[in-house]
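**Student:** Residues 51 to 279 in our numbering are what the sequence shown lists, from first letter to last.
For glycine and all other residues, C-beta sits at the position ideal for the given N, C-alpha and C.
From a predicted model like this one, the values you see are computed outputs, not experimental measurements.
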Amino acid sequence: MTAVHRLVHHPYMIGCRYALGDRSLELLTNIFSSSSSRGRAVLEGRASVHFITLPEVGPVVVKTYRRGGVLSWINRDRYVKSGQLRSQREFDFLIAAQKAGVRVPVPVAYVVTRAWFYKAWLVTREVKGHQSFARLCRVNPEKARTFIPEISRNIACLIKQGIHHVDLHPGNIILDKNNTVFVIDFDKACWCSKNETRLAEAYQNRWARAVHKYNLPKPLTCLELTERC
51 MTAVHRLVHH PYMIGCRYAL GDRSLELLTN IFSSSSSRGR AVLEGRASVH
101 FITLPEVGPV VVKTYRRGGV LSWINRDRYV KSGQLRSQRE FDFLIAAQKA
151 GVRVPVPVAY VVTRAWFYKA WLVTREVKGH QSFARLCRVN PEKARTFIPE
201 ISRNIACLIK QGIHHVDLHP GNIILDKNNT VFVIDFDKAC WCSKNETRLA
251 EAYQNRWARA VHKYNLPKPL TCLELTERC
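So, in structure tokens, the structure goes:
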């Protein structure tokens, strides 16, 4: 399913790959209008998330975009409408990554408020029983190391298509209940004109910095993207 349906459900504009009924729209808008949030762990991003079940889709995750740093004290969750909308961009990159052979949470919808200073949300299918790869690195580094080849395969697919995740670190890898690897958080992704070797180096360097910064086991530093690491 690749066609994206666009609809207005005041005051929201929704781009969706499914025909959502009234009940689903009600469930979603209840979240959009709520001020509550759910924190996430170190290395797992700034966004808040909610878990609900939509009749047409099943269990989904609703991600609310939030700012970080000093700016968040002034403007917590609004963005200037300039160019592509933030949630739409991540939605589009998830579809592109999916087509490239990368395993990602299935994108369901992106949502924004209809205003120049807009709020944004992303809806994806829930990865059932998931755990963070960053957490696994801490509790069972030997097991974590066995996933490096599959993580590297997914990253290699991104490289081949010229997709730069920019912020790909162990916290943006999750494993489902069957130990299947998923890449998440394409919020900062961009198309990259670098050749594949340079892009692979960028991925490796970002990954290694995160492993070092958060004191994860050293054997997890090296991805299998190039002959030398």
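Measuring CA to CA, which of Y160, T103, H100 is closest to D237?
**Tutor:** On the sequence shown, position 187 is the one that residue 237 refers to. For D237, the nearest C-alpha among the options comes from Y160.
**Student:** Cutting at 6 Å between CB atoms, please list the residues of its own chain near L186, excluding the five before and the five after it.
**Tutor:** On the sequence shown, residue 186 is found 136 positions in, with the first residue counted as 1. A194, listed in sequence order.
**Student:** For R67, is the classification buried or exposed, using 16 other Cβ atoms within 10 angstroms of its Cβ as the cut-off for buried?
**Tutor:** Numbered from 1 along the sequence shown, position 17 holds the residue referred to as residue 67. It is buried - the Cβ of R67 has at least 16 other Cβ atoms within 10 Å.
**Student:** Bridge partners for R256 per DSSP, in chain order?
**Tutor:** What you label residue 256 is simply residue 206 of the sequence shown in a count that begins at 1. R256 pairs with nothing; no bridge assigned.
**Student:** Hey, is H60's beta-carbon within less than 7 Å of any beta-carbon in chain C?
**Tutor:** Structure shown: chain C not included; a single protein chain is present.
**Student:** Can you tell me whether F143 is buried or exposed, with buried defined as 16 or more other CB within 10 angstroms of its CB?
**Tutor:** To locate residue 143, count along the sequence shown from 1; it is residue 93. Classification of F143: buried, given that the 10 Å Cβ count is 16 or more.
**Student:** Name the residue from T114, C240, R203, H60 whose alpha carbon lies nearest to the alpha carbon of I223.
**Tutor:** To locate residue 223, count along the sequence shown from 1; it is residue 173. Considering only alpha carbons, the answer is R203.
**Student:** From this set, A150, V107, V99, S132, which residue's C-alpha is nearest K113's C-alpha?
**Tutor:** To locate residue 113, count along the sequence shown from 1; it is residue 63. It is V99.
**Student:** Which partner residues does L104 have in the DSSP bridge list?
**Tutor:** Within the sequence shown, residue 104 is the residue found at index 54, counting from 1. DSSP output for L104 lists G108 as bridge partner(s).
**Student:** Kindly confirm or deny that the segment 142-157 and the segment 232-248 touch, where touching means at least three C-beta pairs closer than 8 Å.
**Tutor:** Output reads yes: the segment 232-248 touches the segment 142-157.
**Student:** Flag this pair as yes or no: are the beta carbons of T271 and A250 separated by less than 7 Å?
**Tutor:** What you label residue 271 is simply residue 221 of the sequence shown in a count that begins at 1. What you label residue 250 is simply residue 200 of the sequence shown in a count that begins at 1. Not closer than 7 Å, so no.
**Student:** Relative to the C-alpha of I201, which residue among L218, R188, G212, H214 is closest?
**Tutor:** By 1-based counting over the sequence shown, the position of residue 201 is 151. With distances taken between Cα atoms, I201 lies closest to L218.
**Student:** Grab the span of the alpha helix (DSSP H) containing V177 for me, first residue to last.
**Tutor:** Counted from its first residue, the sequence shown places residue 177 at position 127. Where V177 is concerned, there is no enclosing alpha helix (DSSP H), given that its DSSP letter is neither H nor E.
**Student:** Tell me which residue opens and which closes the alpha helix (DSSP H) that C280 is part of.
**Tutor:** Residue 280 falls outside the range modelled here, since the chain spans only 51 to 279, and no answer is possible.
**Student:** DSSP three-state label for P191, please.
**Tutor:** In the sequence shown, residue 191 corresponds to position 141, counting from 1. In this structure, P191 counts as helix in the three-state DSSP scheme.
**Student:** If I measure Cβ to Cβ from P199 and keep anything under 8 Å in the same chain, skipping five residues before and after, which residues do I get?
**Tutor:** Here residue 199 is taken as the residue at index 149 of the sequence shown, counted from 1. Once the five neighbours on either side are set aside, the close Cβ partners of P199 are E274.
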